[in-house]
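All residue numbers for the first sequence refer to the UniProt record's numbering, where the first residue is 1 and numbers rise by one. Have a look at the structure below before the remarks.
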Amino acid sequence: MSSSSAPRSFSPSTADAPSLAPLTFQDRIGVPLHATRHSSRVLSQSTRIHILNDKLTDDQARQLGHLVVHLGGQLTSTPSAANIIITALTAPKRIAKHIHPDDAASKFLVSPQWLHHVQRTGLLVDPDEYAVTRRSGTKRALDDHQTESAQHSKRPRLDSDTLLDGHNATDTPSGPSQADSERPFPWQNTKFACKRPSPLKCINQALVDELEVIHAERRLTGDSYSEMAYMRALSAIKAYPRSLANAPSQADKIKGVGKKVALLVHQFFTEGRIVEAKIIRRDPAIATIKSFTELYGIGPVGAREAYNEGCRSFADVLGKGRSLATALSVSESLRILPDLRRPIPRHECESITEMIMTMLDAILPGCVHTICGGYRRGKAQSYDLDIVVGHPRASRAVLHSLFDKMKRQGLVSHVVSISTPQDDEATDVHVDVAHLVVVPPNSGGLHRRVDLVFAPETVYGAAVLGYTGSIVFERDIRVWCRSRGYKFSFTGVTRLADNVVVDTPTEESVFELFGLPFMPPRWRNCDA
DNA sequence: GGGCAT
DNA sequence: CGTAT
DNA sequence: GCCC
């Protein structure tokens with residue numbers, strides 16, 4: 001509120017307003033509960049900046065610090081808590097005195113000019129353009145090779161490249177995107193993901209992957225509405241059927257893509273990468289927090305807490321012995337993690353389902369079932385298996401009988417959670433859910449996550465729809481549904497006017513009820 | 001400036 | 001808060 | 001962060 005937005009130089013006459021306010025440092029990862037409001041953050045919280053005051057006067061350092069805060073960035077009190085370090089030093093040996101050797105490879109070391117360039121352009125400028133020292137020889141070359149050639153070493157291949165090459169751009173885009181001819185109906189510009197077909201991989205997938213890096217960072221740092229905005233923006237781009245490479249300015253006409261993301265789209269297609277994604281990719285703090293969330297029961301909040309309390313490895317998390325009220329202990333979760341990281345191929349989803357359904361058939365013949373989740377959306381592999389079973393309404397506690405049988409046969413290694421059986425049948429529909437870890441026979445003792453859902457046939461359609469995803473598709477079908485006077489969940493559809501549960505025996509019945517064109521499961525891939 | 005799935 | 005989609 |  002006190003500083004002007006004009007570029008500020010370092011003339012000695014700058015004893016005015018901004019430098020009078022005290023600087024606040026924040027070394028923890030995560031968005032503070034009462035985050036400072038910035039109309040448009042040029043530096044997001046993914047830039048944690050430390051200023052080396054070695055060669056700067058106190059006043060210069062303070063000025064730079066205020067500029068960081070003014071631009072929406074976070075100041076750290078130590079170099080190791082930062083991912084970007086500003087220094088006026090240029091001699092590698094002198095800089096090395098401030099940087100822990102372990103940190104040298106991952107920190108961006110920039111001159112103060114970087115910050116001024118950011119302020120001038122109102123954009124996050126690539127810190128490598130203001131690198132103070134070349135990081136030592138082979139190490140730098142290796143690092144750049146890893147981080148950049150992994151996706152696109154210079155700039156993504158543009159359609160105009162093809163035209164310049166003299167080739168025709170009318171070919172179906174190469175890559176694994178679904179044939180456009182399979183598209184169930186044309187793209188439309190809508191804010192509802194459930195109304196636009198979204199393929200498994202889209203024509204702008206490299207851009208979507210870049211935005212997903214920012215989305216994931218927002219999730220891990222607890223910036224939830226920013227997270228949602230990125231999720232919806234990348235979802236909107238995923239459904240857009242034309243390449244944005246020629247005309248990145250088209251992006252902000254897509255519903256869900258606003259000013260900020262449109263700028264990032266432009267940056268991606270003109271410079272070959274999104275700078276913020278590049279910074280996040282090289283941030284070891286984010287990578288560490290993300291790894292903690294691989295443990296069952298540890299989400300962004302728990303992972304961040306662990307990190308901010310000093311944890312840097314799984315061993316540290318185990319050592320904390322934090323009493324997370326979770327079904328799986330940290331040690332058990334850690335023990336089976338290597339198995340749960342192994343993708344489940346489609347044929348194994350099918351064989352596990354067949355085994356379970358054979359057992360169920362002996363208990364209650366005639367149930368229907370659908371493998372849902374990513375499998376149903378056409379993914380080549382998944383990391384868990386979602387089986388939705390439909391049973392006649394009269395049957396009770398089917399899931400629990402099956403569960404007992406599976407346990408007796410030693411198929412269940414862990415019960416992550418299981419709904420309590422409903423003793424009173426009454427008039428209520430009841431959907432039973434079990435989250436299990438299963439060790440299928442003849443699979444080398446691999447642990448597999450299996451979710452079992454048992455729904456009465458009257459709501460089977462809602463259950464299948466609710467467990468097929470993707471997440472953005474689910475959220476938007478709920479938003480749309482509410483606008484039409486219903487409440488949707490996997491346990492059924494309720495008419496809000498009279499609170500009556502409507503019969504939804506098939507997925508089609510749900511789409512019809514909501515006045516939505518049926519979306520084939522393979523076109524519900526609205527997430528990155 | 002409210003709302004953002006259940 | 002974490003998990004499921 | 002974006003839409004209404």
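A virtual CB, placed ideally from N, CA and C, is assigned to each residue, including glycine.
Quick check on residue i: buried or exposed, where buried means 16 or more other Cβ atoms within 10 Å of its Cβ?
i: ARG242; result: exposed
i: GLN146; result: Reliability of the predicted coordinates at GLN146 is poor, the pLDDT of 37 falling under 50, and no value is obtained from them.
i: PRO365; result: exposed
i: PHE268; result: buried
i: PHE454; result: buried
i: HIS100; result: exposed
i: THR370; result: buried
i: LEU52; result: buried
i: HIS347; result: exposed
i: ALA61; result: buried
i: TYR225; result: exposed
i: ALA277; result: buried
i: MET519; result: buried
i: PHE185; result: exposed
i: ASP283; result: buried
Can you grab the Cα-Cα spacing for the pair residue i / residue j, in whole Å?
i: VAL110; j: GLU212; result: 26 Å
i: LEU89; j: ARG522; result: 55 Å
i: ILE471; j: ARG478; result: 11 Å
i: SER313; j: THR288; result: 7 Å
i: ASP223; j: CYS367; result: 43 Å
i: THR506; j: VAL459; result: 8 Å
i: VAL502; j: GLY390; result: 16 Å
i: GLY319; j: PHE473; result: 39 Å
i: LEU328; j: ARG120; result: 51 Å
i: ASP527; j: PHE292; result: 22 Å
i: GLN74; j: LEU340; result: 36 Å
i: LEU43; j: LYS191; result: 27 Å
i: TYR130; j: TRP114; result: 6 Å
i: LEU402; j: GLY374; result: 24 Å
i: ASP58; j: PRO22; result: 13 Å
i: PRO421; j: ALA497; result: 30 Å
i: ALA247; j: ALA262; result: 11 Å
i: ALA303; j: LEU337; result: 16 Å
i: VAL317; j: TYR230; result: 30 Å
i: ALA141; j: HIS50; result: Bear in mind that a pLDDT of 38 at ALA141, under 50, signals an unreliable position, so the number given afterwards is only what the model happens to contain. Approximately 25 Å between the Cα atoms of the pair.
i: ASP27; j: GLU309; result: 11 Å
i: GLU210; j: ARG273; result: 8 Å
i: ILE84; j: TYR467; result: 42 Å
i: SER106; j: ILE356; result: 48 Å
i: GLU457; j: HIS70; result: 58 Å
i: ARG524; j: GLY72; result: 36 Å
i: VAL464; j: VAL132; result: 56 Å
i: GLU294; j: PRO300; result: 10 Å
i: ARG449; j: GLY65; result: 48 Å
i: GLN63; j: GLY297; result: 43 Å
i: LEU124; j: GLN205; result: 22 Å
i: ALA362; j: ASP476; result: 39 Å
Nearest by alpha-carbon distance to residue i: which of the options is it?
i: residue 550; options: GLU309, ASN53, PHE488, VAL500; result: Residue numbering for the chain in the displayed model covers 1 to 528; residue 550 lies beyond these limits and cannot be assessed.
i: ALA394; options: HIS430, LEU411, GLY492; result: HIS430
i: SER419; options: LEU220, SER483, VAL433; result: VAL433
i: GLU512; options: VAL500, ASN525, THR491, TYR486; result: TYR486
i: LYS253; options: GLN188, ILE85, ARG62; result: GLN188
i: GLY469; options: CYS194, VAL31, HIS117; result: CYS194
i: ILE280; options: GLU217, VAL118, GLY256, PRO300; result: GLU217
i: THR504; options: ILE356, THR491, ALA497; result: THR491
i: LYS97; options: SER106, PRO112, HIS400, PRO79; result: PRO79
i: THR76; options: SER106, THR24, LYS55; result: THR24
i: ASP102; options: VAL317, ALA285, VAL510, CYS372; result: ALA285
i: ARG335; options: LEU411, LEU264, LEU446; result: LEU446
i: GLY444; options: GLU457, ASP476, VAL464, LEU411; result: LEU411
i: VAL437; options: PRO112, SER333, ALA233, VAL118; result: SER333
i: HIS215; options: LEU465, GLN45, ARG524; result: GLN45
i: LYS259; options: ILE363, GLY122, ASN204, THR221; result: GLY122
i: PRO92; options: CYS481, ALA104, ALA82; result: ALA104
i: LEU20; options: ARG41, LEU67, VAL31; result: LEU67
i: ARG41; options: PHE108, VAL118, ILE86; result: VAL118
Below 8 Å on the Cβ atoms is my contact criterion, and I expect residue i with residue j to pass it. Report the Cβ-Cβ distance as a whole number of Å.
i: SER413; j: VAL439; result: 5 Å
i: LEU385; j: ASP451; result: 7 Å
i: ALA239; j: SER198; result: 4 Å
(request) Scan the stretch 63–99 and note each continuous beta strand (DSSP E) run of 3 residues or more that stays entirely inside, going in chain order. (result) 84–86
(request) Go through the stretch 413–464 residue by residue and report every complete run of the beta strand (DSSP E) that reaches 3 residues or more, in order. (result) 432–438, 448–456
(request) May I have a chain-ordered list of the alpha helix (DSSP H) segments no shorter than 4 residues that lie completely inside the stretch 192–271? (result) 205–221, 224–239, 259–271
(request) Jot down the residue ranges of each uninterrupted beta strand (DSSP E) in the stretch 370–413, minimum 3 residues, whole runs only, in chain order. (result) 385–391
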